[in-house]
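>
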Amino acid sequence: MATQVEDIKWIPGTDFIVDGFAFQSPKCRHYFLTHFHSDHTVGLSRSFRGGIIYCSPVTARLLIHDMGMRPQVVRPLEVGVPVIIESVRVTPLDANHCPGAVMFLFEVPTDGSDSSGVGAS
1 MATQVEDIKW
11 IPGTDFIVDG
21 FAFQSPKCRH
31 YFLTHFHSDH
41 TVGLSRSFRG
51 GIIYCSPVTA
61 RLLIHDMGMR
71 PQVVRPLEVG
81 VPVIIESVRV
91 TPLDANHCPG
101 AVMFLFEVPT
111 DGSDSSGVGA
121 S
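FYI, the numbering for the sequence shown is 1 to 121, going by our numbering.
(1) Between which residues of its own chain and Phe36 is the CB-CB distance below 6 Å, once the five residues before and five after are set aside?
(2) Classify Leu33 as helix, strand or coil using the three-state DSSP reduction.
(3) Between Phe104 and Phe21, is the Cβ-Cβ spacing less than 8 Å?
(4) On the criterion of 16 or more Cβ atoms from any shown chain inside 10 Å, does Ile53 qualify as buried, or is it exposed?
(5) How would you call Val81, buried or exposed, if buried means at least 16 neighbouring beta carbons within 10 angstroms?
(6) Take Thr3 and list the residues in its own chain whose beta-carbon comes closer than 8 Å to its own, dropping the five residues that flank it on each side.
(7) Taking C-beta to C-beta, are Thr14 and Val73 nearer than 8 Å?
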């Protein structure tokens with residue numbers, strides 16, 4: 001079961017939250033969902049207006065079609081393809097947990113160097 005401790009949901013040096021929809025904050029506009037199991041979507045509903053949700057294409061389809069999320073707030077990211085979000089390089093990696101499950105590798109620039117972290121699934 002995913003923990004519901006706010007401090008470990010934030011990615012240090014960013015305004016990113018992973019699997020922490022119960023901790024929506026005006027300081028956060030970027031939410032990352034590792035997979036569609038209910039313990040990772042606590043606090044998420046179709047009326048979500050907290051920002052953008054990044055996830056795998058499989059999870060995006062589940063959010064839109066099963067949960068009724070607005071497509072405008074869901075951004076599917078391809079596994080293995082890095083993207084830059086607010087100067088942070090984010091790479092979804094296959095978590096091999098369930099269909100659509102990913103881990104996120106966050107490469108956060110700090111003082112001219114990179115510091116990396118992975119959001120678990």
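Even glycine gets a Cβ: it sits at the ideal position worked out from N, Cα and C.
Once the coordinates are examined:
(1) As a position in the sequence shown, residue 36 is number 36, starting the count at 1. Thr59, Leu62, listed in sequence order.
(2) On the sequence shown, position 33 is the one that residue 33 refers to. Three-state result, Leu33: coil.
(3) Locating residue 104 in the sequence shown gives position 104, where the first residue counts as 1. Locating residue 21 in the sequence shown gives position 21, where the first residue counts as 1. Taking 8 Å as the Cβ cut-off, Phe104 and Phe21 do not qualify as a contacting pair.
(4) Within the sequence shown, residue 53 is the residue found at index 53, counting from 1. Burial call: buried.
(5) By one-based count along the sequence shown, residue 81 stands at place 81. It counts as exposed.
(6) As a working mapping, residue 3 is identified with position 3 in the sequence shown. In this prediction, Thr3 scores a pLDDT of 46, lower than 50, which makes its location untrustworthy; the coordinate-derived value is nonetheless stated afterwards. Hits under 8 Å: none found.
(7) One-based indexing of the sequence shown puts residue 14 at position 14. One-based indexing of the sequence shown puts residue 73 at position 73. Contact flag unset, no.
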